[in-house]
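Okay, so here's the structure we're looking at.
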């Protein structure tokens, strides 16, 4: 080595090589001086693709989207100080949504800590309990052989048993810039142990016990807001057929797309408003978006409710779970052996769902634009395998209420870990970088909240369907709507011209008037190399009236034992 800058670079390069050997193929970085060795090592590593994103908050959500779409850990790198503090919202989302991220925070060395050095703060434990592990590296050393094994352990921790972010704090001394020709040694370090994917096998005793519960009376399967694997979806559908029970599937579970099977309810939220209490519930995939479905499960609190999760984190906010199983969802479904329930039970629930389908068709009829009709048309208009990111707060609910069921297999994403509107566009851009076709559906406030993310759109293909309802339209559905300060404190309409803003970033943008024009614009945008913003202006009062008309069409409550 020729000097301290070269030693620091080889230190950072050994860490990068260890991450690459453990399966990390993507790193998102933001420009900064202190992070130079990390960024340069990644840029010069042949197995790591690097995306530079100026805004650290946007960078973190972009990495989140990459990890969601790829299913693999994605690394983040940034300079010291407030730069990495901007990661926090995405780190919290990754924690709660169980998305693997590798956080590489550059830092000043020990001698510059707690002495007033510029751009320096205590970075140890910055993300608190929201990371699976935190590790403080020493300043660069000549000995780098152990870094590859260390990196493998950190990547393994991000993958499970509870996937999520890990934080590695990397102090770096000046000089930070090595010679221009220095290269990464991909073979540096000892061989590393690769952590292979595992599937939690349920025991025979567990399967027998669950089978005994679900073999009695009228049951239901509820799938929450977490995306299910293809294997899990197939196994759940097969189990529903064998048991002859309905499936209340959240729009984000993915189960409603790629099927027309009547067991998968098209409108579980509407059905839950009048469905009788079942004798048992088998639950997969987290907490539903639908409040009606959650309330329906709460009413069944005296009945057995078996929650199956592939990680140790329990999704049971109402405390109604009677049994908790940590195991592979597909293996649990395949291993259950119980008799089918009474045939009139599923027939009753499917009849309620058929009424909901007719009500949804009626309220969404015509070419008039409102959130529910846009979502209903979108899932039928885009090509198969399109990735759809549903923004918080009203967009994802409108889809859950009215999108229904589609024979086209789609990949549906959302940030429901903590359900914030921050970083929605950045996350969608991360998904679009992996996906052939991608549509992001966001409200006007979510669009404004992540406006800087549009800088990513010049080379990333994304159709952004902007639901401009003049502020926080979700609050029209909540109790705050009756407050005299409603518009000032909750609706908060903005004066931004979204189309002009998009064009200022060099993006294509247009207004649409009518559902046909909106769908044509979305499909045209999917054929373009960059991003297009499509604004649909929605009248809030008329939109709210249409939602209320749909909800009012819910069938009268069905009592236990009543057939329809």
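Residue numbers (my numbering): -10 to 553.
All C-beta atoms, glycine included, are put in the ideal place defined by N, C-alpha and C.
For residue 303, count the other beta carbons within 10 Å of its own beta carbon; 16 or more makes it buried, fewer makes it exposed. Which is it?
To locate residue 303, count along the chain shown from 1; it is residue 314. By the beta-carbon neighbour count (other beta carbons within 10 angstroms, threshold 16), residue 303 is exposed.
From the beta carbon of residue 390, is the nearest beta carbon of chain C less than 7 Å away?
-> Structure shown: chain C not included; a single protein chain is present.
Where residue 638 falls: helix, strand or coil (DSSP): Only positions -10 to 553 of the chain appear in the structure, and residue 638 is not among them; the question remains open.
Can the beta-carbon of residue 146 be found less than 7 Å from the beta-carbon of residue 406? Within the chain shown, numbered from 1, the residue matching residue 146 stands at position 157. Within the chain shown, numbered from 1, the residue matching residue 406 stands at position 417. No, they are not a contact pair.
Query raised in the report: What residues are listed by DSSP as bridge partners for residue 246?
Result: The sequence position of residue 246 within the chain shown is 257, counting from 1. Its beta-bridge partners are 395.
Query raised in the report: Where residue 374 and residue 399 are concerned, what is the direct C-alpha to C-alpha distance, given to the nearest angstrom?
Result: Taking the first residue of the chain shown as 1, we reach residue 374 at position 385. Taking the first residue of the chain shown as 1, we reach residue 399 at position 410. Answer to the nearest angstrom: the Cα atoms are 5 Å apart.
Rounded straight-line distance, which links the Cα of residue 198 to that of residue 288: Counting from 1 along the chain shown, the entry for residue 288 is found at position 299. Counting from 1 along the chain shown, the entry for residue 198 is found at position 209. Between residue 288 and residue 198, the alpha-carbon positions lie close to 23 Å from each other.
- prompt: Given that a residue counts as buried once 16 or more other Cβ atoms are within 10 Å of its Cβ, and exposed if not, what is residue 143?
  reply: For this step, residue 143 is matched to residue 154 along the chain shown. Sixteen is the threshold: when 16 or more other Cβ atoms of the shown chains lie within 10 Å of the Cβ of residue 143, as they do, the residue is buried.
**Prompt:** Taking DSSP as the reference, what is the three-state secondary structure of residue 25?
**Reply:** In the chain shown, the residue the question calls residue 25 occupies position 36. Residue 25: helix per DSSP, three-state reduction.
Worksheet entry | With 16 other Cβ atoms within 10 Å as the buried cut-off, status of residue 252 | The residue you call residue 252 lines up with position 263 of the chain shown. Result: buried.
Ignoring anything shorter than 4 residues, give me the alpha helix (DSSP H) runs that lie fully in the stretch 119 to 149, in order along the chain. List check, alpha helix (DSSP H) in window: 136 to 148.
Touch test, the stretch 213 to 226 against the stretch 350 to 367, Cβ-Cβ under 8 Å, three pairs minimum:
Counting Cβ pairs under 8 Å, fewer than three are found: no touch.
Rounded to whole angstroms, what's the CA-CA distance from residue 450 to residue 419? Just pull it up for me. Position 461 of the chain shown holds residue 450. Position 430 of the chain shown holds residue 419. Going by C-alpha positions, residue 450 is about 11 Å away from residue 419.
### Bounding residues of the alpha helix (DSSP H) (the contiguous stretch that carries residue 259)
Within the chain shown, numbered from 1, the residue matching residue 259 stands at position 270. In the DSSP annotation of this structure, the continuous segment of the alpha helix (DSSP H) that includes residue 259 starts and ends at 257 to 261.
Let me check understanding here. Comparing Cα to Cα, which of 73, 276 and 248 lies closest to residue 19?
Position 30 of the chain shown, counted from the start, is the residue given in the question as residue 19. For the residues 73, 276 and 248, the minimum Cα distance to residue 19 belongs to 73.
Query raised in the report: I think residue 153 touches residue 120, with their Cβ atoms under 8 Å apart; what is that distance to the nearest whole Å?
Result: In the chain shown, residue 153 corresponds to position 164, counting from 1. In the chain shown, residue 120 corresponds to position 131, counting from 1. About 7 Å separates the two Cβ atoms, so the contact holds.
**Message:** So if DSSP puts residue 156 in a beta bridge, which residue, or which two residues, is it bridged to?
**Reply:** As a first step, residue 156 is located in the chain shown; it is residue number 167 there, counting from the start. Residue 156 is bridged by DSSP to 92 and 123.
Quiz prompt | residue 522 beta carbon less than 7 Å from that of residue 504 | solution = Within the chain shown, residue 504 is the residue found at index 515, counting from 1. Within the chain shown, residue 522 is the residue found at index 533, counting from 1. Cβ distance not < 7 Å, so residue 504 and residue 522 don't count as in contact.
ask   = Cβ of residue 76 within 7 Å of Cβ of residue 49?
value = Mapped onto the chain shown, residue 76 falls at position 87. Mapped onto the chain shown, residue 49 falls at position 60. It is a contact, given that the beta carbons lie within the stated cut-off.
Enumerate in chain order the residues of its own chain whose CB-to-CB distance from residue 124 is below 6 Å, with the five nearest sequence positions on each side excluded. Locating residue 124 in the chain shown gives position 135, counting from the first residue. Within the same chain, Cβ atoms closer than 6 Å to the Cβ of residue 124 are found at 157, the five residues on either side in sequence being excluded.
Leaving out five residues on either side along the sequence, give the residues of the same chain with a beta carbon under 7 Å from the beta carbon of residue 529.
-> Taking the chain shown and counting its residues from 1, one reaches residue 529 at position 540. Cβ-Cβ distances below 7 Å link residue 529 to 458, 459, 462 and 465 in the same chain, with the five nearest sequence neighbours on each side left out; the list follows chain order.
- Message: Need the endpoints of the beta strand (DSSP E) that residue 539 sits in, please.
- Response: Within the chain shown, residue 539 is the residue found at index 550, counting from 1. According to the DSSP assignment, residue 539 belongs to no beta strand (DSSP E) but to the alpha helix (DSSP H) extending over 529 to 541.
Checklist line | Counted within 10 angstroms of its Cβ, other Cβ atoms place residue 483 as buried (16 or more) or exposed | finding: Here residue 483 corresponds to residue number 494 of the chain shown, with the count starting at 1. Taking all protein chains in view, the Cβ of residue 483 is surrounded by fewer than 16 other Cβ atoms within 10 Å, so the residue is classified as exposed.
Residues in the same chain with beta-carbon distance under 8 Å from residue 255, minus the five sequence neighbours each way, listed in chain order, please. Within the chain shown, the letter at position 266 stands for residue 255. Once the five neighbours on either side are set aside, the close Cβ partners of residue 255 are 245, 342, 345, 346, 349, 393 and 394.
- Item | Alpha carbon of residue 542 to alpha carbon of residue 108, nearest angstrom | Position 553 of the chain shown, counted from the first residue, corresponds to residue 542. Position 119 of the chain shown, counted from the first residue, corresponds to residue 108. The straight-line gap from Cα to Cα measures roughly 59 Å.
### Task
Have a look at 45, 353, 525 and 404 and flag the residue whose alpha-carbon is nearest the alpha-carbon of residue 556.
The structure shown does not extend to residue 556, since the chain is modelled only from -10 to 553, so the question has no answer here.
At the level of alpha carbons, what is the spacing between residue 513 and residue 425? Residue mapping note: residue 513 aligns to position 524 of the chain shown, counting from 1. Residue mapping note: residue 425 aligns to position 436 of the chain shown, counting from 1. In this model, residue 513 and residue 425 are separated by some 14 Å (Cα to Cα).
Next on the checklist: I need the DSSP call for residue 54, collapsed to helix, strand or coil.
Outcome noted: Looking up residue 54 in the chain shown gives position 65. Helix.
*Give the C-beta separation of residue 9 and residue 37 to the nearest angstrom, bearing in mind that I take them to be a contact with Cβ-Cβ under 8 Å.*
To locate residue 9, count along the chain shown from 1; it is residue 20. To locate residue 37, count along the chain shown from 1; it is residue 48. The pair is a contact, with the Cβ atoms about 5 Å apart (cut-off 8 Å).
Going by the CB atoms, is the gap between residue 32 and residue 39 shorter than 7 Å?
The residue you call residue 39 lines up with position 50 of the chain shown. The residue you call residue 32 lines up with position 43 of the chain shown. Judged by their CB atoms, residue 39 and residue 32 are nearer to each other than the 7 Å cut-off.
Measure the C-alpha to C-alpha separation of residue 279 and residue 386 and round it to an integer number of angstroms. Taking the first residue of the chain shown as 1, we reach residue 279 at position 290. Taking the first residue of the chain shown as 1, we reach residue 386 at position 397. Rounded to whole angstroms, residue 279 to residue 386 spans 7 Å at the Cα level.
From 494, 376 and 381, pick the residue whose C-alpha is nearest to that of residue 55; which is it?
The count along the chain shown starts at 1 and reaches residue 55 at position 66. The residue from 494, 376 and 381 with its alpha-carbon nearest to that of residue 55 is 376.
Whole-angstrom distance between residue 25 and residue 128, CA atom to CA atom: By one-based count along the chain shown, residue 128 stands at place 139. By one-based count along the chain shown, residue 25 stands at place 36. Those two C-alpha atoms are separated by around 14 Å.
Fill in: Residue range of the unbroken beta strand (DSSP E) whose run includes residue 526
Indexing the chain shown from 1 puts residue 526 at position 537. Note, residue 526: beta strand (DSSP E), 520 to 526.
Self-check item: Cβ separation of residue 526 and residue 500, assumed to be a contact under 8 Å, to the nearest whole Å
Solution: The residue given as residue 526 occupies position 537 in the chain shown. The residue given as residue 500 occupies position 511 in the chain shown. Contact flag correct, Cβ pair sits at about 7 Å.
With C-beta atoms as the reference, is residue 456 less than 7 Å away from residue 360? Position 467 of the chain shown, counted from the start, is the residue given in the question as residue 456. Position 371 of the chain shown, counted from the start, is the residue given in the question as residue 360. The criterion of a C-beta distance shorter than 7 Å is satisfied by residue 456 and residue 360.
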